[in-house]
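K.L.:
Residue numbers (the numbering used here), protein chains in the order written: chain A, 1165 to 1496; chain B, 1265 to 1736; chain C, 4 to 294. Have a look at this one.
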Amino acid sequence: MSATQRRLACVVTAFALAAIPPLFGPYYTNLFLTFAIFSVFSVSLNLLLGYTGLFSFGHAMFFGTGAYATALALKHVSGLPLLAAVGIGVAAAALLALVLCPIVVRVSGTAFAMLHLAFSQMMYVLALKLHNITGGEDGIGNFPIPALTIPGVGSVPMKDEPANFYYFAIALLALSLWLMWFFTRTPLGQVQLAIRENARRTDYLGFRVAQTKAVIYVFAAANAGVAGSLYGLFHDLVSADGALGALVSFAPIINIMIGGIGTFLGPVLGTAIFELIEELASRYTEHVELVIGLLLVVVIMYAPMGVLGVARMLRQKWRRDAPAAGALQKTS
Amino acid sequence: MKRSVLAVVTALAFVASFATTAVRAQSAAPAGYDFNGMPDMSDFDPATWTSPTGDTIKVAIVASFSGPAALVGQVYWASAAWAAHDINKRGGIVVDGKKKLIELIKADHASKPDQAKRVVERMVLQEKVNFLWGTDGSNLQKIINETANKYKVIAVNTASLSDDLQDATNFSRYAFQTSMSADQLGRGLAWYYGQMRKKERKFYILDQDYSFGRLLAEGFKKGLKEYYPDAQIVGEDYHKLFLTDYAPYLEKVKASGAEVVFTGDWIPDAANLLKQARQMGVKLPFAHVFMDEPNFLTEVGVEGTNGLVQISQYGTVGDAFKTPEQIRYYKAWNDLWQTKWKTAPFNTPLFQHPAGNIGSYIEQTEWLFSVIARAKSVDPEKIIKVWENDSYRFTNGKMLKMRACDHKAIQELHILEFVPPGEQKQSFNIRPYYWNANYSAAGPIHAVPSKAILPLMDTNLDRCKGANPAGE
Amino acid sequence: MNPTTSMYVAQGLHGLAYGMILFLIASGLNVIFGMMGVLNLAHASFFMLSAYLGYQVVALTGNFWLALLLAPLGSALVGVAMERFLLRRVHAFGHMGELILTVGVGSIVLAAVKSIWGTESLQLKMPAILSGRVTIAGLDYPVYRLFIIGLALLILAVMTLLLYRTRLGKIVRAAVSDAGMVNALGINIPLVFMLVFGVGVWMAGIAGVAIAPILTVFPGLADQVGMDAFIVVVTGGFGSLAGAFIVSLIFGLLSSYGVQFMSELAPVLIVAFMAIVLAIRPHGLLGARDS
Chain A
1165 MSATQRRLAC
1175 VVTAFALAAI
1185 PPLFGPYYTN
1195 LFLTFAIFSV
1205 FSVSLNLLLG
1215 YTGLFSFGHA
1225 MFFGTGAYAT
1235 ALALKHVSGL
1245 PLLAAVGIGV
1255 AAAALLALVL
1265 CPIVVRVSGT
1275 AFAMLHLAFS
1285 QMMYVLALKL
1295 HNITGGEDGI
1305 GNFPIPALTI
1315 PGVGSVPMKD
1325 EPANFYYFAI
1335 ALLALSLWLM
1345 WFFTRTPLGQ
1355 VQLAIRENAR
1365 RTDYLGFRVA
1375 QTKAVIYVFA
1385 AANAGVAGSL
1395 YGLFHDLVSA
1405 DGALGALVSF
1415 APIINIMIGG
1425 IGTFLGPVLG
1435 TAIFELIEEL
1445 ASRYTEHVEL
1455 VIGLLLVVVI
1465 MYAPMGVLGV
1475 ARMLRQKWRR
1485 DAPAAGALQK
1495 TS
Chain B
1265 MKRSVLAVVT
1275 ALAFVASFAT
1285 TAVRAQSAAP
1295 AGYDFNGMPD
1305 MSDFDPATWT
1315 SPTGDTIKVA
1325 IVASFSGPAA
1335 LVGQVYWASA
1345 AWAAHDINKR
1355 GGIVVDGKKK
1365 LIELIKADHA
1375 SKPDQAKRVV
1385 ERMVLQEKVN
1395 FLWGTDGSNL
1405 QKIINETANK
1415 YKVIAVNTAS
1425 LSDDLQDATN
1435 FSRYAFQTSM
1445 SADQLGRGLA
1455 WYYGQMRKKE
1465 RKFYILDQDY
1475 SFGRLLAEGF
1485 KKGLKEYYPD
1495 AQIVGEDYHK
1505 LFLTDYAPYL
1515 EKVKASGAEV
1525 VFTGDWIPDA
1535 ANLLKQARQM
1545 GVKLPFAHVF
1555 MDEPNFLTEV
1565 GVEGTNGLVQ
1575 ISQYGTVGDA
1585 FKTPEQIRYY
1595 KAWNDLWQTK
1605 WKTAPFNTPL
1615 FQHPAGNIGS
1625 YIEQTEWLFS
1635 VIARAKSVDP
1645 EKIIKVWEND
1655 SYRFTNGKML
1665 KMRACDHKAI
1675 QELHILEFVP
1685 PGEQKQSFNI
1695 RPYYWNANYS
1705 AAGPIHAVPS
1715 KAILPLMDTN
1725 LDRCKGANPA
1735 GE
Chain C
4 MNPTTSMYVA
14 QGLHGLAYGM
24 ILFLIASGLN
34 VIFGMMGVLN
44 LAHASFFMLS
54 AYLGYQVVAL
64 TGNFWLALLL
74 APLGSALVGV
84 AMERFLLRRV
94 HAFGHMGELI
104 LTVGVGSIVL
114 AAVKSIWGTE
124 SLQLKMPAIL
134 SGRVTIAGLD
144 YPVYRLFIIG
154 LALLILAVMT
164 LLLYRTRLGK
174 IVRAAVSDAG
184 MVNALGINIP
194 LVFMLVFGVG
204 VWMAGIAGVA
214 IAPILTVFPG
224 LADQVGMDAF
234 IVVVTGGFGS
244 LAGAFIVSLI
254 FGLLSSYGVQ
264 FMSELAPVLI
274 VAFMAIVLAI
284 RPHGLLGARD
294 S
């Protein structure tokens, strides 16, 4: 895709996004926003998973931290501006990542995955235990959602205004997505791939693997925090099950796999597909777990590269190029 | 002459007194189930019942219909469908000048907050339902109430027991809580032990560690202070949900010298707690809310379940069936259960009697339909007008009143003392004279007066400032 | 014995019993995850499946021992089929592939269990011979819990013997360590792995039938025990049966004494212990496996 084509695609997408609230009404707007939030969350995990080869079993940690931090800030600090609240959520997630860095960058593979499971589970238990702060199972709800104040322009109310909130959230999510995409294009982003392929050799080449991992880790966490923060604002409710549960860690992994682990937009596509199937399944059948189970088994058995991976394979077949070797495709 | 005038005046006064009584009775008589029009329900099967469609009164049943908790959805669906089928067989309800049938729509939230929000929004915005019925789990009910408030749709909370759903922070005038509430339950049991039973004094509180468990315990402690100052709390513990091993807690219970264990646990915790207690040789009675699931009661057996005390939102003092109509109402369900329903879980002992929680869900739904019928409309404002301060009587005589300021149901609750099958005819007064042959169940049933257990009223809520908690 | 001492003893015994319950549940996962390095998130689902199968056997025959024999085999059969036809193909995608596949299979097991046995809670009847109580150290203690403790120790002993004292065990340990080499020596590696996997699922099945009489068999059973099993294996260290055993004991004692002395914090203790162990030794307490 050439630069002009890409720019055109961006403009078209921007118009399409802007058109959703007036064209489709509040229900589909909200549905799309949910998809957008979880897409960004999944892409942030893919920075670790697909790009750096770090398999995190507990990415919900950062999502939940972002959500809770924002909710708590708005609940306890009166008059807190909206953007500041989101900023606090992002900062909290990044801070958590920073704190975990020393432990986390020393490990990889299974230990990395399990460590994240452990910490994520601990946060979940604590969120339930410290119910005086976090509201326990019920969570923190009905916290004030301030209007967005744009200096010089005025203030845009957010609560009970699905369209306004949608534009605000989509703008932030798009920014987050773009930042992540840009990151993968930087030299640091390339080092990510090297670490994934062979961390030891990358180290021998003189790159500081641990520090690089740390930067990537904090960056991914911050973006997960953006998603979490917006999620909390969107629902006006942050609960342990919704923001920190095991399912919240599994969902992005599934999204990434369905969409295609080796690509940047794979997780976005995967989120769309998975959410669509979940929605349809729960509408038309009570055997939702059967549908989901079959979907997962079939996809991992027959299309483990995800939809985008399959698409690439087909494209290559058409062009009669030699198919790329190895299980995980290099990113485009 | 004077004597005849006196006679006539007395006679007139006598007749007049009847007239005024009649007038007063008419305005005071609470709404209730119309036994006279009771239709033939023999074609009802909860497994296969389908809703009418078209120009109907739409009620969304919000619950878990998939996932591990799917049984909950099935219970709600069977209960609401029974009530809906009854009305539909009578031809429906006259609403805005037209007779309309009741349509029920399943709204599956799979116990997930995200999905709850999505499905409730879909019900309101796409399916355009008139009412949201459900659910269990106060975190999910909050989502329902919020959406109801935002889009001005009536939400009927039939199963979420948390008191803070209708407090100053969360109250919505579109939400009505017809179910019992945690605080009431705790205080109700305290009232029974202190004011009626007056025997055991030492209580151990063992609840689930989440908002319901804590609220319930608070209610119990408050109730003891009020109604049983001599009582002693010899221990208080909150265990995690879905706990595997109760032994450490039971050990503490044994050491404490407790005479009764108070718990609000529900399945599977309720089952595991009782089973393990009996296995460990802890023979203490439990004061409980949800230890009424037939399979585990059967497993524990008659002896192990004897002496349990349940506080329930469905009951009547003494004989469960006092009039031929009540017997007919009961048999309509029970006969079908015995002969017609073949699909699990509807053919299992859980669904045998339209009593207990199932009975309550059915009748709460009937209350909703009664309100619609009297409002002659599904317009939320008209519903609110009828429902606030409305009085309703269940088929078994239980009285409820919708408190206007915070939409909580003032209601009496019933205490069920579990006794062996041979003694269950104290309540189950028709053949076969027991609720279940395999375990101890309700024998003597007592009522906790509604005045003793008025639902918690948040005085921070503006509407309730200066209001009388008894709703007068 | 004065009350305080007997209470310490009692809680110690409870801790031991719960530790053995945890070990029973986790041991199968330890074998599969620890030895084969396969992330099997369907482990708890096999536990649940076996509990249901056991319920069915008891419902049909009234014989608990038959259930203990047949149900784990049935569950193991399903597990082996999963390994042979599904799991084998996704090894190439590492843990992520295994996670997705086993989560999918777990979902399907849940759907199957609901379809076959319904959504209700069921009870697996405890065998009469084990349902009494005995006096131990002045305590009135359920026989069944002693049975569970005994069963767990038996499993530990048999597994250790098998792995370290038999030729088969030697082959398995070698295959786990270097499959290619062992394959070159003429051993049928896929068969060995299938066997190991089957044994792991079988152990989960044994746990399912053995523990069901003190729990309730319902569709949420897998969720109830799943996380516990993982936490034990992760903290104990992959590949280390001893590690899983020790950690199970520690968790059991933390749990019972935690409830006795600081019951508000009891659930946090276990997770905190896990977090601390992993922070210091990311591969688990006695873990040696290279990731």
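Built from N, CA and C at the ideal position, the CB exists for glycine as well. Bear in mind the structure is a predicted one, so any value in this text is a computation, not a measurement.
(1) Spatial neighbours of residue 1708 of chain B within its chain, please: CB distance less than 6 angstroms, with the 5 preceding and 5 following residues excluded, ordered by chain position.
(2) Please compile the residues from chain C whose C-beta is within a distance smaller than 9 angstroms of the C-beta of residue 1378 of chain B.
(3) Under the three-state reduction of DSSP, which class applies to residue 1416 of chain B: helix, strand or coil?
(4) Since residue 1468 of chain B sits in a beta bridge, which residues does DSSP pair it with?
(5) When the Cα atoms are used, what is the spatial distance from residue 1276 of chain A to residue 93 of chain C?
(6) Starting from residue 1372 of chain A and walking both ways along the alpha helix (DSSP H), at which residues does that stretch end?
(7) Kindly confirm or deny that the segment 1347–1356 of chain B and the segment 1399–1418 of chain B touch, where touching means at least three C-beta pairs closer than 8 angstroms.
(8) Please confirm whether residue 1430 of chain B has its beta-carbon closer than 7 angstroms to some beta-carbon of chain A.
(9) Flag this pair as touching only if the segment 68–87 of chain C and the segment 274–283 of chain C have three or more C-beta atom pairs under 8 angstroms; answer yes or no.
(10) Residue 1451 of chain B: buried (16+ other C-beta within 10 angstroms of its C-beta) or exposed?
(11) Should residue 1600 of chain B be flagged as near chain C, meaning a C-beta pair shorter than 7 angstroms?
(12) Since residue 1223 of chain A meets chain C, which of its residues come closer than 7 angstroms, beta carbon to beta carbon?
(13) Quick one: what does DSSP say residue 1285 of chain B is sitting in, helix, strand or coil?
(14) Between B/1312, B/1422, B/1604, B/1301, which has its C-alpha nearest residue 1631 of chain B's C-alpha?
(15) Does residue 1290 of chain B come out as helix, strand or coil in the three-state DSSP assignment?
(16) Provide the residue span of the alpha helix (DSSP H) that contains residue 1334 of chain A, from first to last.
(17) Going residue by residue through the segment 1623–1668 of chain B, where are the continuous alpha helix (DSSP H) segments of at least 4 residues, counting only ones entirely within it?
(18) Quick one: does residue 1460 of chain A have its CB under 7 angstroms from some CB of chain C?
(19) If we count Cβ pairs, one from each stretch, closer than 8 angstroms, do we get three or more for the segment 11–26 of chain C versus the segment 74–92 of chain C?
(20) Using the rule of at least 16 other Cβ atoms within 10 Å of the residue's Cβ for burial, across every protein chain shown, is residue 1368 of chain A buried or exposed?
(21) Which residues mark the beginning and the end of the alpha helix (DSSP H) in which residue 1482 of chain B is found?
(22) Assuming residue 1551 of chain B is part of the beta strand (DSSP E), what are its boundary residues?
(23) Taking the C-alpha atoms as reference points, what is the distance between residue 1494 of chain B and residue 1465 of chain B?
(24) Decide yes or no for the touch test of the segment 1502–1520 of chain B against the segment 257–275 of chain C: beta carbon pairs closer than 8 angstroms, at least 3 of them.
(25) Using 7 angstroms as the threshold, is the C-beta distance between residue 1281 of chain A and residue 1222 of chain A below it?
(26) For residue 1390 of chain A, is the classification buried or exposed, using 16 other Cβ atoms within 10 angstroms of its Cβ as the cut-off for buried?
(27) Within 10 angstroms of its Cβ, does residue 1263 of chain A collect 16 or more other Cβ (buried), or is it exposed?
(28) Below 8 angstroms on the Cβ atoms is my contact criterion, and I expect residue 1379 of chain B with residue 1446 of chain A to pass it. Report the Cβ-Cβ distance as a whole number of Å.
(29) Quick one: residues in its chain with C-beta nearer than 6 angstroms to the C-beta of residue 172 of chain C, no 5 flanking neighbours on either side, listed in chain order?
(30) Which full runs of the beta strand (DSSP E) of 3+ residues lie inside the segment 1176–1261 of chain A, going along the chain?
(31) What residues from chain C crowd round residue 1456 of chain A, counting only those whose CB sits closer than 7 angstroms?
(32) If you draw a straight line from the C-alpha of residue 1449 of chain B to the C-alpha of residue 1483 of chain B, how long is it?
(33) Buried or exposed: residue 1485 of chain B, going by 16 or more other Cβ atoms within 10 Å of its Cβ?
(34) Is the separation between the beta-carbon of residue 188 of chain C and that of residue 240 of chain C shorter than 7 angstroms?
(35) Residue 38 of chain C and residue 236 of chain C: beta carbons closer than 7 angstroms?
(36) Considering residue 181 of chain C, what are the terminal residues of the beta strand (DSSP E) in which it resides?
P.N.:
Taking the definition as stated:
(1) As a working note, residue 1708 of chain B is residue 444 in the second sequence. Excluding residues within five positions, the ones whose Cβ falls inside 6 angstroms are 1681, 1690.
(2) Counted from its first residue, the second sequence places residue 1378 of chain B at position 114. Within 9 angstroms Cβ-Cβ: nothing; residue 1378 of chain B doesn't reach chain C, min ~18 angstroms.
(3) Taking the first residue of the second sequence as 1, we reach residue 1416 of chain B at position 152. It is coil, neither helix nor strand.
(4) Locating residue 1468 of chain B in the second sequence gives position 204, counting from the first residue. B/1499, B/1525, per the DSSP bridge assignment.
(5) Taking the first residue of the first sequence as 1, we reach residue 1276 of chain A at position 112. Taking the first residue of the third sequence as 1, we reach residue 93 of chain C at position 90. Cα-Cα distance, rounded: 20 angstroms.
(6) Numbered from its first residue, the first sequence carries residue 1372 of chain A at position 208. It is not in any alpha helix (DSSP H) - residue 1372 of chain A carries neither H nor E in the DSSP assignment.
(7) The segment 1347–1356 of chain B vs the segment 1399–1418 of chain B: no contact.
(8) Counting from one through the second sequence, the residue named residue 1430 of chain B turns up at place 166. Taking Cβ atoms only, chain A never reaches closer than 7 angstroms to residue 1430 of chain B, which makes this a no.
(9) no
(10) For this step, residue 1451 of chain B is matched to residue 187 along the second sequence. Counting Cβ neighbours within 10 Å, residue 1451 of chain B comes out buried, since at least 16 surround it.
(11) By one-based count along the second sequence, residue 1600 of chain B stands at place 336. Chain C, which has no Cβ nearer than 7 angstroms to the Cβ of residue 1600 of chain B, makes this no.
(12) By 1-based counting over the first sequence, the position of residue 1223 of chain A is 59. Per Cβ cutoff of 7 angstroms: no residues; residue 1223 of chain A is ~13 angstroms from chain C at best.
(13) If you number the second sequence from 1, residue 1285 of chain B lands on position 21. For residue 1285 of chain B, the pLDDT reaches just 46, beneath the cut-off of 50, and the residue's location in the model is therefore unreliable, although a value from the coordinates is still provided. Helix.
(14) Counting from one through the second sequence, the residue named residue 1631 of chain B turns up at place 367. Of B/1312, B/1422, B/1604, B/1301, the residue nearest in Cα terms is B/1422.
(15) Here residue 1290 of chain B corresponds to residue number 26 of the second sequence, with the count starting at 1. Any answer about residue 1290 of chain B is weak, because its pLDDT of 40 lies below 50 and its placement is not dependable; what the coordinates show is given next. Residue state, collapsed to three classes: helix.
(16) Stepping through the first sequence from its first residue, residue 1334 of chain A is reached at position 170. Residues 1326–1349.
(17) 1644–1651
(18) Within the first sequence, residue 1460 of chain A is the residue found at index 296, counting from 1. So, interface residue.
(19) no
(20) Position 204 of the first sequence, counting from 1, holds the residue named residue 1368 of chain A. Looking at its Cβ environment, which holds fewer than 16 other Cβ atoms inside 10 Å, residue 1368 of chain A is exposed.
(21) Within the second sequence, residue 1482 of chain B is the residue found at index 218, counting from 1. Its alpha helix (DSSP H) spans residues 1475–1491.
(22) Working through the second sequence from its first residue, we reach residue 1551 of chain B at position 287. Counting along the chain, the beta strand (DSSP E) containing residue 1551 of chain B begins and ends at 1550–1552.
(23) Residue mapping note: residue 1494 of chain B aligns to position 230 of the second sequence, counting from 1. Residue mapping note: residue 1465 of chain B aligns to position 201 of the second sequence, counting from 1. Approximately 7 angstroms, taken between the alpha carbons.
(24) yes
(25) One-based indexing of the first sequence puts residue 1281 of chain A at position 117. One-based indexing of the first sequence puts residue 1222 of chain A at position 58. Going by C-beta atoms, residue 1281 of chain A is nearer than 7 angstroms to residue 1222 of chain A.
(26) For the purposes of this step, residue 1390 of chain A is taken as residue 226 along the first sequence, with counting starting at 1. Buried: at least 16 other Cβ atoms inside 10 Å.
(27) Taking the first sequence and counting its residues from 1, one reaches residue 1263 of chain A at position 99. Residue 1263 of chain A comes out exposed.
(28) Against the second sequence, residue 1379 of chain B aligns to sequence position 115. Against the first sequence, residue 1446 of chain A aligns to sequence position 282. Their Cβ separation, rounded to whole angstroms, is 7 angstroms, which keeps residue 1379 of chain B and residue 1446 of chain A in contact under 8 angstroms.
(29) Indexing the third sequence from 1 puts residue 172 of chain C at position 169. Once the five neighbours on either side are set aside, the close Cβ partners of residue 172 of chain C are 165, 166.
(30) None, since the segment 1176–1261 of chain A contains no complete beta strand (DSSP E) of that length.
(31) Mapped onto the first sequence, residue 1456 of chain A falls at position 292. Near residue 1456 of chain A (Cβ distances below 7 angstroms), the residues of chain C are 110.
(32) Position 185 of the second sequence, counting from 1, holds the residue named residue 1449 of chain B. Position 219 of the second sequence, counting from 1, holds the residue named residue 1483 of chain B. Cα-Cα distance, rounded: 7 angstroms.
(33) To locate residue 1485 of chain B, count along the second sequence from 1; it is residue 221. Classification of residue 1485 of chain B: buried, given that the 10 Å Cβ count is 16 or more.
(34) Numbered from its first residue, the third sequence carries residue 188 of chain C at position 185. Numbered from its first residue, the third sequence carries residue 240 of chain C at position 237. Contact flag unset, no.
(35) Stepping through the third sequence from its first residue, residue 38 of chain C is reached at position 35. Stepping through the third sequence from its first residue, residue 236 of chain C is reached at position 233. Not closer than 7 angstroms, so no.
(36) For the purposes of this step, residue 181 of chain C is identified with residue 178 of the third sequence, where counting begins at 1. Careful: residue 181 of chain C lies outside any beta strand (DSSP E) and carries neither H nor E.
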